[in-house]
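Here's the structure we're looking at; comments come further down.
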Amino acid sequence: MKSFFIFYAVLLLVSFSVVHINNALELAHEKNGAGLNYTVNPARKLLQLPDIGEGDGIGYIGDGNDNDGNVGGDDGTGGFVGNVGDGNGGDGNSTGGDGSENRIGEGTCSNKFIQVNQGPSASLPSGIPTYTVIVLNACFSGSCSISNIHLSCGWFSSARLINPKIFRRLNYNDCLVNDGQPLTAGESLTFSYANTYPYKLAVSSIVC
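Per my numbering, the sequence shown starts with residue 56, numbered consecutively.
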């Protein structure tokens, strides 16, 4: 009976020692970091943390760049093209408006509306060259009668007589057209002069 009691006591001591040793080994194992796999992995699974080692983080950044690039490209390109298109359309409309309104209206006057054209014509029997001059009021709005038309003409002279009410020289480089009377819109007058060379005739002043 006494021997059985001693055996039972030894068995309890051995069991307690084994349990104590196992606990010690587990603590040592945890201190060495082996327990991190058990603790961290479930936490990553529960929190759905990205696995940086597998490149999920890089993939996310890449997706962000792609999205930003695409959005930027769409917005930037679309906006730019739209703005340019709108701008060009606006300029085109404005230009078209200016072109359609580029006509002489009431109260508008310019030397450019009087056109002076001349060209050679048949010579006189004496052989002196002649030149035909056409003075035109190129304003066709119907409300731009232009008078007192003066031309620069140098020392203008002609071997052929010219009606002074049509064209005459007043002073050096100053000739008067139509005796100062107005040329209405689209009206013209013609005269010819004879000289060995043509004179340069250009509008110097007008009155509207």
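For every residue, glycine included, the Cβ atom is placed at its ideal position computed from N, Cα and C. Predicted, not measured: the structure shown is a model, and the values here were computed from it.
query: Continuous beta strand (DSSP E) stretch holding R215: start and end; result: No beta strand (DSSP E) holds R215; DSSP gives it neither H nor E.
query: Paired residues, beta bridge with I169 - DSSP; result: N192
query: CA-to-CA distance, G174 to L231, given in whole angstroms; result: 20 Å
query: Proximity below 8 Å, CB of A33 to CB of L206; result: A question about residue 33 goes unanswered here, because the residues of the chain that appear run from 56 up to 263.
query: Counterpart residues of I201 in DSSP-defined beta bridges; result: L238
query: G114 classed as buried or exposed, judged by whether at least 16 other C-beta atoms fall within 10 angstroms; result: Residue confidence for G114 is low, a pLDDT of 35 falling below 50, so the modelled location carries little weight and cannot support an answer.
query: is_contact[L231, chain C] using C-beta, thresh 8 Å; result: Considering every chain present, this structure includes no chain C. It has just one protein chain.
query: Cutoff 8 Å; reference G140; Cβ partners in own chain excluding five residues on either side; result: Only weak support exists for where G140 lies, its pLDDT of 33 falling under 50; the coordinates are left without a value.
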